[in-house]
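Right, one structure below, let's go through it.
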Ligand code: ADP
Ligand code: MG
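Residue numbers (the numbering used here): 3 to 529.
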């Protein structure tokens, strides 16, 4: 393996990038040198991917500087970054499915078509080169396998090898373990260690504290697009990182001052729910949660800890093996999504186009989706278009849904307006409990505030709300009860007064074991 004569160095200074006027990365800086794994840690939405995409030439910074070995870079494209030895493996892979592993690695960056290796000898050489590279780094792949046959872990190795083959000295891995099983993650970290031993610099992006503590040399912590801490990994503890990531999370006073409602009877009881995951082990592993009238129960957790499986099981979109679901006193464990809706459940799903809305239908038809079969929207099997349009335009006005035009499919509308349209439909239908999954994700500030106001109005109107959000500040702001999920279990339950952001952050990261009774002081005992 070749070693670098002089370690590569990258200096990032005051880098900023906004989307539609909202800063995603705000004056961030850090230093990277060859021979080092640099962890980039932050909650979801902290700005990690945006920062890396600027270093990889995908996004242009609004301002700031990137210096490579002391020389300022103005990257025009990912190819330009590659020419400077900077390569990134994105969260979503970019391989050509019909090409083999070797073709993707060696030729994949040229235009498809001209890229296929022709002669048999050329092809064999290609495969051998790839096998050698794979062997050098312990990134096992089969050079001749077509990419469409590969597992996610194998695809990721192909992406990494492609960057190494192109001569990347700086390798940026954006949440690489998010798609891996634990044993695959361990192998990846071994390969990464080999890369830095041969002089490469690696940026390891993660929202998992343990991973960063276990596998990096230095850490930079981001929060809301800004630097909130950095240091040599061996000088940092989980508690310090939790404080940087979550500590002092602001809980607005006005909402605390708001007279707490007396919770009423339960409207949603989830008891001992167990849902199988994709890797064989349980994605939801015995979760019990109760939501009462006049109450918002917020589920805090890092994405991928069973939240999605839990709310999909509650909505009837996913089967579960054990446990029960009761909606407003009706046992609904084995009922269809429609029957659960009729029992009193309203559901705002994570993916708005798809589960939430029919992308090809107009706003009118999407809003009437649940009530097609009833008066006044239909009569004796005939749709009453005028009634549907009247309902729709009233809701569009009430919920301030913008950008809809008559006859236009909703797939052309912005995320914020789609979300408002779903809320308009779900909240105006009869319901006793609302399950809302990431209801403000991707919304601008005004739209997110409007959605939060709706959630509070639900509670104040006597219904119950089960809120799933990766934004801890949002959970703390809205919830009367906070439930923390980690690895498919509830690892802590807090009432509003006892909800300490740092402690919750530690539980979310797995740095604290909440199942240990002694560390669960302050729990309300609801879950
Ligand atoms: P992370 O990778 O830390 O989860 P991101 O960099 O993806 O964070 O996002 C930071 C912020 O920028 C988020 O609020 C996100 O909604 C916003 N954002 C990211 N990419 C885009 C985009 N292409 N358009 C609009 N907003 C974006
Ligand atoms: Mg990201």
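All C-beta atoms in this analysis are idealised placements derived from N, C-alpha and C, irrespective of residue type, glycine included.
This one's a predicted model, so the numbers in the text were calculated from it and none came from an experiment.
The straight-line gap separating the alpha-carbon atoms of residue 188 and residue 220 is approximately 19 angstroms. In the assembly as shown, residue 382 is an exposed residue. Its beta-carbon has fewer than 16 other beta-carbons within 10 Å.
Taking C-beta atoms as the reference points, residue 84 and residue 165 count as a pair closer than 9 angstroms. Apart from sequence neighbours up to five positions away, the residues of its chain that approach residue 294 with a beta-carbon distance below 6 angstroms are 265, 266, 268, 466, ordered along the chain. Rounded to whole angstroms, the separation of the alpha carbons of residue 100 and residue 483 is 50 angstroms. The alpha helix (DSSP H) runs of length 4 or more contained entirely in the segment 59-123 are, from start to end of the chain, 80-85.
DSSP places residue 191 in no beta strand (DSSP E) but in the uninterrupted alpha helix (DSSP H) bounded by 184-199. With a cutoff of 8 angstroms, residue 223 does not count as near ligand 2, since its C-beta is closer than that to no heavy atom of the ligand. Taking one beta carbon from each stretch, the segment 412-425 and the segment 324-337 have fewer than 3 pairs nearer than 8 angstroms; the two do not touch. Residue pairing by DSSP places residue 384 opposite 381 in a beta bridge. With a cutoff of 8 angstroms, residue 467 does not count as near ligand 1, since its C-beta is closer than that to no heavy atom of the ligand. With a threshold of 8 angstroms, the Cβ atom of residue 207 counts as near ligand 1, since some heavy atom of the ligand is closer than that. With a cutoff of 8 angstroms, residue 227 counts as near ligand 1, since its C-beta is closer than that to a heavy atom of the ligand.
For residue 349, the enclosing beta strand (DSSP E) begins and ends at 347-350. In the structure shown, residue 18 adopts extended strand secondary structure according to DSSP, grouped into three states.
For residue 229, no alpha helix (DSSP H) segment is defined; the enclosing uninterrupted segment is the beta strand (DSSP E) at 228-234.
Nearest neighbour of residue 38 by Cα position, chosen from 196, 419, 320, 363, turns out to be 196. Residues 41, 43, 208, 221 of the same chain have their beta carbon placed closer than 6 angstroms to that of residue 214, with the five preceding and five following residues left out of the count. Spanning the alpha carbons of residue 9 and residue 29 requires a straight line of approximately 26 angstroms. In this structure, residue 163 keeps its C-beta atom at 9 angstroms or more from the C-beta atom of residue 194. Here the alpha carbon of residue 464 sits roughly 13 angstroms from the alpha carbon of residue 456. A residue is listed when its beta-carbon falls short of 6 angstroms from at least one non-hydrogen atom of ligand 1; in chain order these are 21, 26, 44, 46, 47, 48, 49, 50, 51, 52, 444. For residue 248, the secondary structure class from DSSP, reduced to helix, strand or coil, is helix. In the three-state DSSP reduction, residue 328 falls in the strand class (E or B). The straight-line gap separating the alpha-carbon atoms of residue 481 and residue 492 is approximately 16 angstroms. Setting aside the 5 residues that flank it on each side, residue 419 is surrounded in the same chain by 403, 404, 405, each with a C-beta closer than 6 angstroms to its C-beta; the list follows chain order. By the criterion of at least three beta-carbon pairs nearer than 8 angstroms, the segment 305-322 is in contact with the segment 341-354. Residue 302 sits in a strand when the DSSP states are folded into three classes. In the same chain as residue 69, and ignoring 5 residues on each side of it, the C-beta atoms closer than 6 angstroms to its own belong to 13, in chain order.
DSSP lists 205, 220 as the beta-bridge partner residues of residue 40. Taking a C-beta distance under 9 angstroms as the contact criterion, residue 170 and residue 202 qualify as a contact pair. Cα atoms of residue 288 and residue 390: separation of roughly 42 angstroms, rounded to the nearest angstrom. The straight-line gap separating the alpha-carbon atoms of residue 144 and residue 94 is approximately 21 angstroms.
Closest in C-alpha terms to residue 460, from the list 428, 109, 488, 486, comes 428.
Boundaries of the beta strand (DSSP E) harbouring residue 176: 172-176, taken from the DSSP string.
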